[in-house]
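Undergrad: Submitted below is the structure of interest, expressed as C-alpha cells.
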Amino acid sequence: MLVLSCAIAIQSGIQLSAASTPINVPAASSSSSSSSSESLQIAFDPSLPPYQFQEAGVYKGFNLDLIRTLSESAGLKLELVPMPLNESIEKLTNKEIDGILGIRYLSQLEDQMDFSESLVNSTISIIARDEKIEQYKDRLGIEPVLIAVERDSVEFEFVKNVKKANFNQAFSQQAVFELLIMDRADMMIGVRHVAEYLLDKYNIEHQYTISNSFETPVDYYLGMDASKATELAMLNAALRDLKLSGAYEEIYNTWINDKALENQQRIERNLIIMLLIIVSAFFIAAVAGYINLQLKRKVGEKTRALSSANDALERKIIEIRNATELKDLMFESSPRSITILDRDGRVSAMNESALALCGLQEVPVGERVYALSPFDKMLEGNLENVLNEGESLMGKELDYRAFGRRFALRYFIYPLRDDAQHMRGAILTIEDYTEEKILREQIAEEEKNRALIQMISGIAHEIRNPLTSIKAYVELLPRKKDSEAFQQQLVRVVPNEVERVSKLIENLIDYVRPKSRSPVRVQVLELFESCVLLFQHTATSKGIEFAMNADASLYIHVDQDQIKQVIINLLLNAIDAINEKLEMPHAADGHWIKLSAARHAGGVKITIEDNGIGMTPKELANVYELFYTTKAKGSGIGLPLSKQIVEDNQGQMEIESVKGQGTIIALTFGSDGN
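Just so we're aligned: the sequence shown equals residues 1 to 674 in the UniProt record's numbering.
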C-alpha cells in the first residue's frame, strides 16, 4: 500500500508539472462554420480520471475524446490547456481563456459562464474499506469519522453539516482518492466513476466497497465564456447528434466501465431466463385474473378517494366567501406541487406539496430555483423560454428518486402575467403520477398475457409440423444414407424446418421480453411478417386468410416491441371479430385480414382491415373508454392501451367500422427513410 501511495503521489506531481502544455484540436473542414478560423482556448483539470487525465505523458480520457469529436463535427478549432480547476476558473473570470472542460454546475459563475448540456453523468457515493463500510454508513453522524472530500463541491457542503464528521479536503477527485488509500481518511465521498476507475487501475477494488446508499447524481459540463454563446450552441447541437447516432455510447464504453449498470444488466438477464422457464398458460391466466381484481379494487379505492376529496373541497368552497382566502386555500390544498417564480427565476411562493417534494420546512423566498431539487432538472433549458418567449411547457415527465423511493412526476411551466399582460414570472406545477404509471404498466402486462395465451397455442401447432418432417428424415437416414437424392433433399429441407422453428421461438421471446421504450428504425414489411407468423396456424384453422401489402422501402422510427404489441393486439381483435361473425346463422365464407402500408403526408400509414362483425356508431364512440368492451370475455383495455402506445411513439390511431361489414384501423407514423 505504501508503494502504491507513492506511485500515485508521483503521478499527481507529473500531471501538475505538465499543466502548461496546450493540446491543439484542429477544426473539421466546413464552409458553414464562421468560427473555425479562430482557436478557442479550453482549460481542463487533468486530475479527473477517467474523464480527463495524463498517462505516460499523454492526456486522454472520455471528456477529451468527446470534445475532440464535437469540435470536428461543429467545425471549431480548440486548444486544450491542462491546468488545475481553481486556476482555470480564475483565468476564465479574467477573460484569459474561453472555457473549462469537465466542470460541475456553479451558480456563482452564471454571470461569466454558460454551461453546455451534460457531457457525462455519474453519482456521488460513499467509498470505504470493505470491513468498515457498514459501520460508517450506520453510524454516520453518531460517531466521529474522518471524511475525504473535494473542496467547494456539493458533497463538501453536505459533509460540513454532518454531526461529528471531520473532513480532509483536497482540490480534485484524484487527490481525494489518494487521501483514502493512504489512510488519511476513514472514508471518501466522491464521484463513483472516478473511484471505480482508480480502484480498478491499482487493482485494489477487492479492498474497498462503493456504497449504493446516500447516492446523488452529478453532471460534468463544458463551461464557456458568456460571449461564446454561438460556439456553445454549435457544440450542444453536435452533442445531441452524437447521442442520437450512437457514437456517444461508443466513446462512453471505451472509458467508463459502469459496474452498477453491469450488475443491473446481469440481474435483468437472469430474470428473463427465469421467466422463460416458469411461464405457463395456467400461471398467466392466474396472474391476469389477480391483476384484474387488484386493478378493479385500486380503481374503486381511487374513485372513492377522489369523490371524498371533491366533496370536501366543495364544502370548503361554500364556507369561504373571501376571494383572496379562496385562492390561498386552493393553492395550499392542491394535490399538485405549485411553485411561483419571479422574472429572475427566484422563488416567490410554494405550497405544502412543493415543500414536501423538496424536503423543506419553510418557503425559501428569494432563493434561486436552480438550487432546489428536482426543480433544477425540470427548469434547466426551459425556464428561459417561458420567461423570454412566453411559451408554455406542457406535460413533460421526469423520473426522480428521493427520500428512499422513486417518483414519476409530470410537470407544467406557465408564464405568469398581470392584468396588462406584462410578464411577471412563471408558475411550475408538478403532478405525482407514480401510482397511475404503475397501473398503466399492470394494464399493459395483462393485455400482453392475453395475447401470449393465444400465441402459445398457435405456435405449438406450428412447431409440430417442422418437427414431424425432421423426425421423418432422421428415421429414413439409416436406410437411405447412401442415396445422393435423399442427401440433397435432407440438406435442403431440414435446415429450412429448423429455421422455421427458430423464427417462431424468436418472435415469441421478442414479445415477452421486458424492455424500456427504445425507438429504432423498423422496416414495416418485416414487422408485418413477424406478427402474422404468430397467428398463421390459428387463422388458417378457422378459415381466415392473411394478406400483406407493404413496400420493402417503408421504414418507421418507433419502439419495435411496443408497436409489435399493438399490431398483435389488433390482429387478436380482428380474429375475435371474425369468430363472432362465424357464430351467426348463415355466416358467409371468405374471411380475411389485410395488412397494408403506404406513404402518407410525409409519413407512413399502416392499415389493418378485417371483414368481421364490425361495430355500431355507439360502440365506436366508446371504443377508447377504459374497461368498455362488446365481448363477453373482453377486458376493455386493449384499444385504449394500443392508442396510448401509438401516441407515445409520436403516432396517431384512427378507427372506422360498420356493423356486419368489418373494421379498418389506421396507424400513422413519421417516416424514417434514411
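Each residue gets a CB set at the ideal place from its N, CA and C atoms; glycine is no exception.
1. Could you check what DSSP says for I664 in three-state terms: helix, strand or coil?
2. Can you tell me whether N168 is helix, strand or coil according to DSSP?
3. Thinking A550 and F528 are a contact (beta carbons under 8 Å), I'd like their distance in whole angstroms, please.
4. Taking the beta strand (DSSP E) that R405 belongs to, which residues open and close that run?
5. What did DSSP end up calling S88 once you bin it into helix, strand or coil?
6. Nearest-angstrom Cα distance between L140 and A165?
7. So, with DSSP's three-state summary, where would you put L275?
8. Taking C-beta to C-beta, are A185 and N168 nearer than 8 Å?
9. Ordered along the chain, which non-local residues of its own chain (more than five positions away) have a Cβ less than 7 Å from that of L357?
10. How about D221 and S118: are their beta carbons less than 8 Å apart?
11. For V491, count neighbouring C-beta atoms within 10 Å of its own C-beta (all shown protein chains included) and say buried if the count is 16 or more, exposed if not.
12. On the premise that D98 lies in contact with L40, defined as a C-beta separation below 8 Å, what is that separation, rounded to the nearest angstrom?
13. Relative to the alpha-carbon of F403, which residue among L360, A226 and Q421 has its alpha-carbon at the smallest distance?
14. Go ahead and label E654 buried or exposed: buried means 16 or more other beta carbons lie within 10 angstroms of its beta carbon, across all protein chains shown.
15. List, from N- to C-terminal side, the beta strand (DSSP E) runs of 3 residues or more that fit wholly inside the stretch 38 to 86.
16. Rounded to the nearest angstrom, what separates S88 and I147 at their Cα positions?
17. Could you give the DSSP three-state label for L101: helix, strand or coil?
18. Expressed to the nearest angstrom, what Euclidean distance is found between the alpha-carbon atoms of C6 and L179?
19. To test your reading of the DSSP string, which unbroken alpha helix (DSSP H) runs of 4 or more residues are found completely within the stretch 144 to 188?
20. Would you grab the beta carbon distance between S116 and N212 for me? Rounded to a whole angstrom, and I think it's under 8 Å.
21. Can you find the residues in the same chain that come closer than 8 Å, C-beta to C-beta, to S308, ignoring five residues on each side of it along the sequence?
22. Counting Cβ pairs closer than 8 Å, one from the stretch 418 to 437 and one from the stretch 276 to 295, do we hit at least three?
23. When the distance is taken between beta carbons, is I645 closer than 8 Å to V566?
24. Please report how far the alpha carbon of K643 lies from the alpha carbon of Y624, in whole angstroms.
25. Do you know how far the Cα of F44 is from the Cα of I23?
26. Quick one: using the 10 Å Cβ neighbour count with 16 as the cut-off for buried, is L271 buried or exposed?
27. Do you know how far the Cα of I210 is from the Cα of I204?
28. Where does H591 sit, in a helix, a strand or coil, going by DSSP?
29. To the nearest angstrom, how far is the alpha carbon of L239 from that of D225?
30. When you compare the CB positions of I608 and I556, do they come within less than 8 Å of one another, or not?
31. Tell me whether the beta-carbon of I340 lies closer than 8 Å to the beta-carbon of L416.
32. Classify V658: buried if its beta carbon has 16 or more other beta carbons within 10 angstroms, exposed otherwise.
33. What number of angstroms, rounded off, separates the C-alpha of A233 from the C-alpha of E79?
34. Determine the extent of the alpha helix (DSSP H) in which R368 is found, giving its start and end residues.
35. By a C-beta neighbour count over all protein chains shown, 10 Å radius and 16 as the cutoff for buried, is A229 buried or exposed?
36. Expressed to the nearest angstrom, what Euclidean distance is found between the alpha-carbon atoms of M615 and N579?
TA: By the coordinates alone:
1. strand
2. strand
3. 6 Å
4. R405 to R417
5. helix
6. 8 Å
7. helix
8. yes
9. S337 and I430
10. In the sequence as presented, Asp is not what sits at residue 221; that position holds Tyr. Yes, the Cβ-Cβ distance between Y221 and S118 is below 8 Å.
11. exposed
12. 4 Å
13. L360
14. exposed
15. 39 to 44, 52 to 55, 58 to 60 and 77 to 82
16. 26 Å
17. strand
18. Its pLDDT being 39, under 50, C6 is placed unreliably in this model, and the value from its coordinates should be taken loosely. In a straight line, the C-alpha of C6 is about 12 Å away from that of L179.
19. 154 to 160 and 173 to 181
20. So it is not a contact: roughly 29 Å between Cβ atoms.
21. none
22. no
23. yes
24. 8 Å
25. 11 Å
26. exposed
27. 12 Å
28. strand
29. 18 Å
30. no
31. yes
32. exposed
33. 18 Å
34. First-last for R368: undefined, no H or E at that position.
35. exposed
36. 14 Å
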